[in-house]
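Residue numbers (the numbering used here): 3 to 72.
Here the structure comes first, spelled out in structure tokens, and everything after it is commentary.
Here it is in structure tokens:
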């Protein structure tokens, strides 16, 4: 069975956001994917020659958000 869930990592433990359909002490195999944001997903798409911090500020600044004017 494959199952995709949301969980939070806290104090060394993954805490699922909902109940899981497993028996107590059942062995499972876990694959973890961290969430990414659009800045990370689009990194490298432009030929930026400046520093990473300036590019990050420009990318996250609401002044340059194309959806702000809608």
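Just so you know, even glycine gets a beta-carbon here, dropped at the ideal spot from N, CA and C.
Just so it is clear, the structure is predicted and the values come from calculations on it, not from any experiment.
Here DSSP, grouped into helix, strand and coil, assigns residue 4 to coil. In the structure shown, residue 34 adopts coil according to DSSP, grouped into three states. About 15 Å separates the Cβ atoms of residue 4 and residue 18, ruling out a contact at the 8 Å cut-off. In the structure shown, residue 26 adopts coil according to DSSP, grouped into three states.
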